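Those protein sequences? They're chains A and B, same order as listed.
For reference, each letter of the first sequence is one residue, going 1 to 755 in full-length UniProt numbering.
For reference, each letter of the second sequence is one residue, going 1 to 755 in full-length UniProt numbering.
Cβ atoms here follow ideal geometry from the backbone N, Cα and C, with glycine treated the same way.
Nothing here was measured: the structure is a model prediction, and the numbers come from that model.
Protein chains: 2
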Amino acid sequence: MATLKDIGLAAAINLLSAFAFLVGFAILRLQPVNDRVYFPKWYRKGVRSSPTRSGAFGNKFVNLDCRTYLRFLNWMPDALKMPESELIEHAGLDSVVYIRIYLFGLKVLVPLAVLAFMVLVPVNWTGQTLERIKNLTFSDIDKLSISNVPAGSKRLYAHIAMFYLFTLWTCYVLHEEYKKIAAMRLRFLASENRRPDQFTVLVRNIPPDPDESVSEHVEHFFCVNHPDQYLTHQVVYNANKLAEFVAKKKSLQNWLTYYKNKYERKSTKPTTKTGFWGLWGTQVDAIDYYTAEIEKLTEEENKERARVINDPNCIIPAAFVSFKSRWGAAVCAQTQLSSNPTIWLTEWAPEPCDIYWDNLSIPYVDLTIRRLLMGVAFFFLTFFFMIPIAFVQSLANIEGIQKVLPFLKPLIDKDSVKSIIQGFLPGIALKIFLSVLPMILMAMSKIEGFASLSSLERRSAGKFYLFILVNMFIGNIITGTALQQLKAFLNQPPTEIPKIIGVSIPMRATFFITYIMVDGWAGIAAEILRLVPLVIYHLKNTFLVKTDQDRDEAMNPGYLQFATSEPRIQFYFLLGFVYAVVTPILLPFIIVFFSFSYMVFRHQVINVYNQMYESGAAFWPDVHRRFIMNVVVSQLLMMGLLSTKNAEISTPLLIPLPILTIWFHVYCKGRFQSAFVTFPLQDAMVKDTLERATEPNLNMRSYIKDAYVHPVFKAGELERPLVVDEEENHPLVQTKRTSHMNSKHESYVNSDTDS
Amino acid sequence: MATLKDIGLAAAINLLSAFAFLVGFAILRLQPVNDRVYFPKWYRKGVRSSPTRSGAFGNKFVNLDCRTYLRFLNWMPDALKMPESELIEHAGLDSVVYIRIYLFGLKVLVPLAVLAFMVLVPVNWTGQTLERIKNLTFSDIDKLSISNVPAGSKRLYAHIAMFYLFTLWTCYVLHEEYKKIAAMRLRFLASENRRPDQFTVLVRNIPPDPDESVSEHVEHFFCVNHPDQYLTHQVVYNANKLAEFVAKKKSLQNWLTYYKNKYERKSTKPTTKTGFWGLWGTQVDAIDYYTAEIEKLTEEENKERARVINDPNCIIPAAFVSFKSRWGAAVCAQTQLSSNPTIWLTEWAPEPCDIYWDNLSIPYVDLTIRRLLMGVAFFFLTFFFMIPIAFVQSLANIEGIQKVLPFLKPLIDKDSVKSIIQGFLPGIALKIFLSVLPMILMAMSKIEGFASLSSLERRSAGKFYLFILVNMFIGNIITGTALQQLKAFLNQPPTEIPKIIGVSIPMRATFFITYIMVDGWAGIAAEILRLVPLVIYHLKNTFLVKTDQDRDEAMNPGYLQFATSEPRIQFYFLLGFVYAVVTPILLPFIIVFFSFSYMVFRHQVINVYNQMYESGAAFWPDVHRRFIMNVVVSQLLMMGLLSTKNAEISTPLLIPLPILTIWFHVYCKGRFQSAFVTFPLQDAMVKDTLERATEPNLNMRSYIKDAYVHPVFKAGELERPLVVDEEENHPLVQTKRTSHMNSKHESYVNSDTDS
């Protein structure tokens, strides 16, 4: 039982460590040598150039100007300074709306905290239940919680009334937020410049035709069914193998650059081994070897490229169909073309860089089967994931290690080492699992067959949220694995379940406070420090960078990890909402987390992150739904908790709450969701008319032409020649990586095929 | 405990009584005087003319030809003779698909019965559990059921395997049926002649405009947003009050005709009283009184009509917008127009006679609130309906009657009367409630705001099904009111509920067999006899009919009561599916019901019913969903039942069944449902092109012009003048009812506003 003092001490320690992180960040970011790690976004935009170029030698790497250190916390007001409209232009709507989730959390929880401290804390404090029970050790925190209110007391009406008020306030803010974000999205879409995806529809499941190629078939079909609006189309090649070649070549080129740099510095010809990762095999001259390898691969790549383009079997039954106007595309995307709803499926084309190319050719029946299988798999993952981990843990004990690696025995036998292993090993398997979990979930979403990166992220976030809800929230309240819970729940009446959980909630307040500080506060501080990208950048900078362009390449600005961080926000919000009535003392900790996160992510979005795609806040309906789920879960738990307090009247009083909340969700869905799914004809017409008036001579066909070509072709055929022209006589040509835009595309494609 | 013999006897009695009904029907239908009761459809079609006109006087009313009586069961093969394609043309797709539901039941249950009798009956019969238990009275039926298989026996694997087979077969038939009906619907829509609703979209929630009237606003909006396709539109007037006047006038005219007929026959001037229903008030000359009343009402009606047309406030914010082509209408119906999804809502216009005019002007927010309220109300109706009935029952006991009506005391005190009252009274309140239940459900659906009669019927059917499932199926298995069940279930673990129900299933087999015979068999026999329409027709014929047109009016062919009879089919199917594994002896009774119903309804559809609207089998997705629900419910109950049989392995073996069944439903929904919701552009284009080629000079504008005028205006302004022209000089003009088509419309409107 932690007292208020203990918690205060822990908070101070955690605040200090977070502060240390911040000081570290402040110092590191002022060093010119780290400039590209902490301000990559501005480099990408071309606004900032290397400070390493000018100034004295010392100044190049280390900042010696003391005055700047004094203002080391300046980034905080700086981060908040940029107005929202400018931020949308700077970083895109996705990032801005993502930051607003933290702001939303503050908007909801700060008034809740104020009210709870004004009303519920005095009510709880004077409850005097715990004091009356003899032989019970209790802490100040417990005195502040609902545990201190006697069962059946009239005081509980205060809790019920406050809970109504909290729900009402949350729904009000949710409604305003949804309205605001829908309006922001519509304004964003309306103000956007002309983009190919506005005119393009992704057509999947094109039926095979015995007489025509896919391309002809598409052309004829749309000429007949959209005679006035059809413009052109782009077939999709199955270039997955080609993309592999390109990725492999890129890695070989990195090695070649590495060895060339080494040679330049040391003047001795570097050697390598031909085997796996250069670890074994015959020793050869590294530069020659890699040059030859690259040449060989280039040849293969060209062969594959020619095969893909010429072989009709490499054309998958999907196409990007473009229309003469936004109106035409909006009509086609929203209507059903064939009487068989499993062929000629249309949807808005994602942005070119948002497409997940591997999934474009999955037939309809496969999709439904894949979703079924993944649903079952996710269920097992959520409820049975502890089984394989327990198995691994049972193997990874000291006896097991001694058996497998007997030469370690003298080391392990030492007591200190032994205790460390015994303390850490079981945790490590779990940690590893939890850190690869987002990747597993993403892989599952990919198997489900979504066609755009943004939808994949949204889907993974939904899975991760459920996992957290079951295993971290409920699992931590009633300690025990999810499997044990499931078993218990199946054998309990449905009214008992909220009671079981509800009763344990007040007891776990201190645990969650510690969790918020360790995981939340420290996690955010680590986020801004960017230790991993810092190290990687310096490694790359040392071994691979030759030109400024290479240095640009070496920057890894990263992006908002929606799939992993949004579910965490939801988790903290859920904690806040549940404990607002039960143990209000938890709220300030969450408020600190939200405001700190808001500042940090605003800074990161302004200076660091480079989003892969822009979905125009298409994730908000999901976020909204999860907030509603949080509220409903808290309501059910509150019903359970209060019914154990002998407040007989509480259950009927609380029943309308979840019903009204769910109804509110249905209402909001009907009222706002379509702004995130469809593109209304009226808006399309306005933009079309405007454009026709301002640019009457626009050649749409050439504008659209190559927008939806697979990135490997773009790299190979469209943009690379341009670059080659510029630098044809330069000896560096062979090591040249493709231009910034292409490499960006490629890296996404690769990272997706890998993970 | 009923033995096999008892059941056989009951079956024989019920068969005999059904047979008596059939004989009655056979005799009645051969009488020329009843011809319009049993063959109204042919009269409506103009194919059949009154047999009362020709022949001898006796033959006019009674059929004296003995030979026809010998072939009195001929209607059965006759009913089956008409091929399906012809039947679609004769009666519409709705009726044909409705009949197919019975056929579907047979297709599923007959093979189930065969298999069950071949495999499960021997397995159960030789189980010998019941025989071993001493002092247990059991019947042959119980020996045939799963109760006779010992707990934990390997024989239960046979049941599990058969259950898998049954589910598989049902899903297969469901899939084939969905496919077939989707194809039938598409063919039906494609082969349909040009109809106004193919070109028309219903636009609701038109936002108010300060500068323009609704009509101008619609015109401008669609000219801008569908410039190439927009043709014309029809605003909707709020003519509910006017429709009331028209209905009232019609009833007055009926009375006038009645008194005129009386006068003609008796030659003494009939009198009436001016008060309510002619029961009190001053005595006046009836003909003069009603003539004056009608004149007064006509004046009011004309005033109201003028007001509605001229007052802009009578125009509701909804309109029927027509397009130049089916393609244009299909596009508009499927796309979102405004960025605010609660205004400019578009959907396919229902057929003109399918529209429920009262609901066209409900704003979006109201709709969501209404649905919430009706959802809550339906929940209370389902689980708490016994409370008011029990209250009425407690009032309606003998003491209560003696208090309120003391003069009945001597009568009531007689023992025989007393026992009758005590036996019947409690049941009567329940019977009355159950018979008005469909009307209550329909009223609830109307409050929910659906805009077409077909959707109202579908919605009511869904509600009725749930009510039956809870109160008739589960309520009869574990005897007790729904409220008691709900209480019990809330306090039981979720795994216990199927067990509780499952255990009781075998015991209730005989009850359900009796129920099927009494409710099912007798109900269908009564359906074909049409006693109520027979009586009403003869009453009308005696008192109101003057001309042949009046006689046409007096026919009430009725229509398929989808909202009440489809849920009953589902209930019988559910019984069949559940008992196929448990007590297969129940199956033949259901099969008899289905085949008998199939024949009867086919006969009625051919000869009697006159559908109000044609929705093109739009109800099939609902029917399919409910079949799936039945299957899943049975699976859950089977899991409960088997788990009490100590077959530990059974639950994990059966768990995949509901998951796969639900997945199958999702698959079918994706694969076929859109054929029932959207109208694919490809099909629209084909029909448009064809039509443009065959009828290049068609004037669409004049074709569409008055299709979507409110029926009261049509009656008043478009068609009535024609009729008046014809019969202007005839003295009967004042009693004339409007033409057949209009009165049909009117009666629907009235019956809808009433119920």
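Under the three-state reduction of DSSP output, A451 of chain B falls in the coil class, being neither helix nor strand.
Separation of V218 of chain B and N313 of chain B (C-alpha to C-alpha, rounded to the nearest whole angstrom) is 16 Å. In its chain, beyond the 5 residues on either side, K269, T271 have a beta carbon closer than 7 Å to the beta carbon of D285 of chain A. Residue-level contact check: Q198 of chain A does not touch chain B, since none of the beta carbons of chain B fall below 8 Å from its beta carbon.
Interface flag for N254 of chain B against chain A is unset, since no Cβ pair is found closer than 8 Å.
With contacts defined by Cβ atoms closer than 8 Å, M439 of chain A and F378 of chain A do not form a contacting pair. Contact annotation: the region 683 to 693 of chain A does not touch the region 631 to 642 of chain A, with fewer than three C-beta pairs closer than 8 Å. DSSP, read as helix, strand or coil, puts F679 of chain B in coil. M386 of chain A places its beta carbon 8 Å or farther from that of I447 of chain A.
Scanning B:W620, B:L657, B:F664, B:N238 for the CA closest to the CA of Y98 of chain B turns up B:W620. In terms of Cβ geometry, L586 of chain A and F511 of chain A do not form a close pair [threshold 8 Å]. Per the C-alpha coordinates, the member of A:V224, A:V236, A:L80, A:F163 positioned closest to P711 of chain A is A:V236. Contact annotation for P341 of chain A against chain B: G670, R671, F672, Q673, S674, A675, T678, P680 [CB-CB distance below 9 Å, chain order]. Contact of D228 of chain A with chain B by beta-carbon distance below 9 Å involves D228. Using a Cβ-Cβ cut-off of 9 Å, D706 of chain B is close to nothing in chain A; its nearest Cβ partner there is about 28 Å away.
Apart from the 5 residues on each side of it in sequence, Y43 of chain A sits with its Cβ closer than 7 Å to the Cβ of R36, D552, M555 in its chain, given in chain order. Around the beta carbon of M118 of chain A, fewer than 16 other beta carbons sit within 10 angstroms, so the residue counts as exposed. Sixteen is the threshold: since fewer than 16 other Cβ atoms of the shown chains lie within 10 Å of the Cβ of N491 of chain A, the residue is exposed. For A330 of chain B, the C-beta contacts it makes with chain A under 9 Å involve T335, Q336, in order along the chain. Among the residues facing chain B, W620 of chain A is not included, as its CB has no counterpart in that chain under 8 Å away.
In this structure Y172 of chain A is exposed. Its beta-carbon is surrounded by fewer than 16 other beta-carbon atoms within 10 angstroms. In summary, T661 of chain B is buried, with 16 or more beta-carbon neighbours lying within 10 Å of its beta-carbon over all protein chains present. In the DSSP assignment, the residues bridged to L202 of chain A are A:F320, A:E347. Between the alpha carbons of K262 of chain A and F543 of chain A lies a gap of roughly 8 Å. If you check the CB distance, V582 of chain A and S145 of chain A come in under 8 Å. What D683 of chain A touches in chain B, judged by beta-carbon distance under 7 Å, is S339, going in chain order.
Taking a C-beta distance under 8 Å as the contact criterion, L242 of chain A and E295 of chain A do not qualify as a contact pair. Against chain B, the beta carbon of I659 of chain A has neighbours under 8 Å at L372, V376, listed in chain order.
Under the Cβ distance rule, N205 of chain B does not count among the residues neighbouring chain A, no pair being separated by less than 8 Å. D211 of chain B and P656 of chain A have their C-alpha atoms roughly 43 Å apart. Contact between P567 of chain B and I343 of chain B fails: their C-beta atoms lie close to 36 Å from each other, not under 8 Å. If you keep only unbroken alpha helix (DSSP H) runs of at least 4 residues inside the region 163 to 245 of chain B, you get 214 to 225. For K81 of chain B, the closest of B:K705, B:W663, B:V605 by C-alpha to C-alpha distance is B:V605. Residue burial annotation: C223 of chain B is exposed, with fewer than 16 other C-beta atoms found within 10 angstroms of its C-beta.
Nearest Cα to I497 of chain B within the set B:M612, B:M638, B:L360: B:M638. Per DSSP, the unbroken alpha helix (DSSP H) holding Q570 of chain B starts and ends at 562 to 582.
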